[in-house]
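Remarks on the structure that follows.
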Amino acid sequence: MGAFLDKPKMEKHNAHGEGNRLTYGLSSMQGWRVEMEDAHTAVIGLPHGLDPWCFFAVYDGHAGSQVAKYCCGHLLEHITSNPDFQSALEPEPNVESVKTGIRTGFLQIDEHMRSISEKKHGVDRSGSTAVGVMISPGHIYFINCGDSRGLLSRGGAVHFFTQDHKPSNPLEKERIQNAGGSVMIQRVNGSLAVSRALGDFDYKCVHGKGPTEQLVSPEPEVYAIERSEVEDEFIVLACDGIWDVMANEELCNFVRSRLEVTDDLERVCNEIVDTCLYKGSRDNMSVVLICLPGAPKVTAEAVKREAELDKYLESRVEEIIKKQGNEGVPDLVHVMRTLASESIPNLPPGGELASKRSVIEAVYNKLNPYRGDDTVSITRQLLSSHESFFNLNVLICLSVCLCTSVCMSRGKIKFSSAQFGTFNIFNTLEFGPPPPPKKKMFLKMNQGEAICI
1 MGAFLDKPKM EKHNAHGEGN RLTYGLSSMQ GWRVEMEDAH TAVIGLPHGL
51 DPWCFFAVYD GHAGSQVAKY CCGHLLEHIT SNPDFQSALE PEPNVESVKT
101 GIRTGFLQID EHMRSISEKK HGVDRSGSTA VGVMISPGHI YFINCGDSRG
151 LLSRGGAVHF FTQDHKPSNP LEKERIQNAG GSVMIQRVNG SLAVSRALGD
201 FDYKCVHGKG PTEQLVSPEP EVYAIERSEV EDEFIVLACD GIWDVMANEE
251 LCNFVRSRLE VTDDLERVCN EIVDTCLYKG SRDNMSVVLI CLPGAPKVTA
301 EAVKREAELD KYLESRVEEI IKKQGNEGVP DLVHVMRTLA SESIPNLPPG
351 GELASKRSVI EAVYNKLNPY RGDDTVSITR QLLSSHESFF NLNVLICLSV
401 CLCTSVCMSR GKIKFSSAQF GTFNIFNTLE FGPPPPPKKK MFLKMNQGEA
451 ICI
C-alpha cells in the first residue's frame, strides 16, 4: 500500500525533445508517497540501425524502485537486441514479428533481473509495471504490462487505450488460480494489486509453470496501430497515479485544451500532475506526452479565453475574501468550496476547477501573506477525511449490510453512507476548529445505524 508524507513533494523532474517528426515532454512528481518509485524512458532514434524509430515508456515501481530503475536503463536494449526482434526487421519490418520480439525482450529482462538479484543479495522483492510505445514510420506499437496506461488521441477523440492488468480480470484470475493462487480484495493472494509486472519474483516461483503461467506474468500485451499522418494527435503514457483520478476522455480533453494554449509540453505535463494531485491522487505521478503531426496547435482565441478565465478567478477570490469583513480572512478551503459551488465558464475540460488551483492559491497567498500552516494543503484535509470515513465505514460494514455512519474529524461531525463495498462520501464536508461543545457526544448503534446523540 505504501506510506504517506505529511505534505506532498511537488518538485518535478522534466524533460523534452523532438525528432522524427514528433515532439515530447514529460513530468514526474513524488507526491504524497514516502519514496519516488517511478521511472521513465524517452529515446528518439533507436540503436541497431533504427534511426527513424522512437521508444517511450513509464515504469511504476512498487515495494521499491530497483526494478523500475533497471528497466529504465536496460529494457530497450533487451528488446532491440534479441534475435526475435532483429529477424523481424529483415528485409522489411514485419508487424507480428516485431510484436513477438517486444514480448521476448520483456521475458529476457525479467529472467536477467532475477539472476542478477539472486547472485548479489537474494531475491529482490520489488516490481514494476511498464507501459510504452515503440513508434516506427508506419506503426505505433503500444506495450503494456500492469496497470499503467497508454492512449492515442486521433481526430479529436480517444482512438485507443491499453487494458489494465488487474487480478479481477477473468483471464488474469484464471491464470492466477491455475498457478495455485487466489484473488482476494481484488489482489493476488490478497496482496499485489496488479496481475502482470516485471520483477515481483516472490510471485514467480511455482514449479512446473512457465514464466507466463505464474501468479504474476511478465508478458506484455502488444498492440500495433497503423499511423494516420493527418488524424493522429498525441499519445499519453502515465502511471496509475494519473488514471486513478482522471478517466481517458477527461485526460484527452484536458491535454487538447492545454495544447491550444501552449506548445510547451513540459508545462502541459506539469499541469497534468498538479491537477491530479489536487483531484486527490496519493501516488507517485509520471506522464509522458508525445505530440504527432496532427496535434492541436495554439490559437489566439484559446489564449485569450484562458487569460480571461484567470482574471475572473483572481477577481472572485478577492471578492470572497473581502466579503468576510470583520470575520477575518477565510481559509483556502472556504474559497475553493465557494468557487466549486458556482458555475464558472470556460474551465479546462477534464481538469475543471482543480486545474486552476495554482492560480487561485497564488491570489490567495498574495492577499493573505501570513496564512498559517493549517491552510497549506486542502488536499491533505480532504484525504484525511477520506481516511476517517473509510476506517469507520469498514468497521460498520463488517456487521451490517446497510448503514449510516457518523464520525468526528477535526472537531466536526462527518456523515456518510455505505453499502457493502460501495461508499458514498463527501456529501457534507466541514473543516475548521470545533465550536464549544454544548453537550456530550457519543456513538450508539441502533437497528443497524450509527447515530450521534
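The sequence shown begins at 1 in UniProt numbering and counts up by one. Backbone N, C-alpha and C fix where the C-beta goes; we use that ideal spot for every residue, glycine too. Please read these numbers as outputs of a predicted model, since none were measured by experiment.
Item	Value
What first and last residue would you give for the beta strand (DSSP E) that runs through residue 134?	127-135
In the DSSP assignment, what are the bridge partners of residue 189?	None; residue 189 has no bridge partner.
Taking 7 angstroms as the threshold (C-beta atoms), are residue 216 and residue 200 in contact?	yes
Which word fits residue 295, buried or exposed, when buried means at least 16 other C-beta atoms lie within 10 angstroms of its C-beta?	buried
Does the contact criterion of 3 or more C-beta pairs under 8 angstroms hold for the region 23-41 versus the region 3-11?	yes
Taking the straight line between their C-alpha atoms, what separation do you get for residue 504 and residue 169?	Past the boundaries of the shown model lies residue 504; the chain is included only from 1 to 453, so the question cannot be answered.
Helix, strand or coil, according to DSSP, for residue 101 in the structure here?	helix
Mark residue 116 as exposed unless 16 or more other C-beta atoms lie within 10 angstroms of its C-beta, in which case mark it buried.	exposed
Residues in the same chain with beta-carbon distance under 6 angstroms from residue 256, minus the five sequence neighbours each way, listed in chain order, please.	296
Can you tell me whether residue 163 is buried or exposed? The criterion is at least 16 other CB atoms within 10 Å of its CB, across all chains shown.	exposed
What separation, rounded to the nearest whole angstrom, lies between the Cα atoms of residue 278 and residue 236?	20 angstroms
Looking at C-beta atoms only, is the number of pairs between the region 35-47 and the region 93-107 that lie closer than 8 angstroms three or more?	no
DSSP on residue 217, reduced to helix/strand/coil?	strand
For residue 91, which three-state DSSP category applies?	coil
In angstroms with no decimal places, state the Cα-to-Cα distance between residue 246 and residue 350.	7 angstroms
Please classify residue 179 as buried or exposed, where buried requires at least 16 neighbouring CB atoms within 10 angstroms.	buried
Where does residue 303 land, buried or exposed, given buried means 16+ other C-beta within 10 angstroms?	exposed
With 16 other CB atoms within 10 Å as the buried threshold, where does residue 48 fall?	exposed
Count the other CB atoms within 10 Å of the CB of residue 87; is the residue buried (16 or more) or exposed (fewer)?	exposed
Any idea what DSSP makes of residue 30, helix, strand or coil?	strand
Kindly list the residues whose CB is nearer than 7 angstroms to the CB of residue 276, restricted to its own chain and excluding five residues on each side of it in sequence; keep chain order.	241, 242, 245, 246, 285
Straight-line CA distance for residue 225 to residue 57?	17 angstroms
Which residue marks the beginning of the beta strand (DSSP E) containing residue 157, and which one marks its end?	157-161
Using 10 angstroms around the beta-carbon of residue 18, count the other beta-carbons present and answer buried if the total reaches 16, otherwise exposed.	exposed
Helix, strand or coil for residue 173? Go by DSSP, reduced to three states.	helix
I need the straight-line Cα distance from residue 79 to residue 4, nearest angstrom please.	35 angstroms
Could you give the distance in angstroms between the alpha-carbon of residue 45 and the alpha-carbon of residue 137?	11 angstroms
Pull up the CB-CB distance for residue 106 and residue 219, whole angstroms please, since I reckon it's below 8 angstroms.	6 angstroms
For residue 458, which of helix, strand or coil comes out of DSSP?	Summary: the structure shown does not reach residue 458, with the chain confined to residues 1 through 453, and so no result is reported for it.
Report the rounded CA-to-CA distance for residue 323 versus residue 339, giving the unit in angstroms.	14 angstroms
Tell me where the beta strand (DSSP E) around residue 347 begins and ends.	Residue 347 -> no beta strand (DSSP E), and no H or E assigned at all.
Look up residue 69 in the DSSP assignment and say whether it is helix, strand or coil.	helix
In the structure shown, what three-state DSSP assignment does residue 64 receive?	coil
By a C-beta neighbour count over all protein chains shown, 10 Å radius and 16 as the cutoff for buried, is residue 315 buried or exposed?	exposed
Helix or strand or just coil, what does DSSP make of residue 37?	coil
Return the first residue and the last residue of the beta strand (DSSP E) that residue 15 is part of.	4-19
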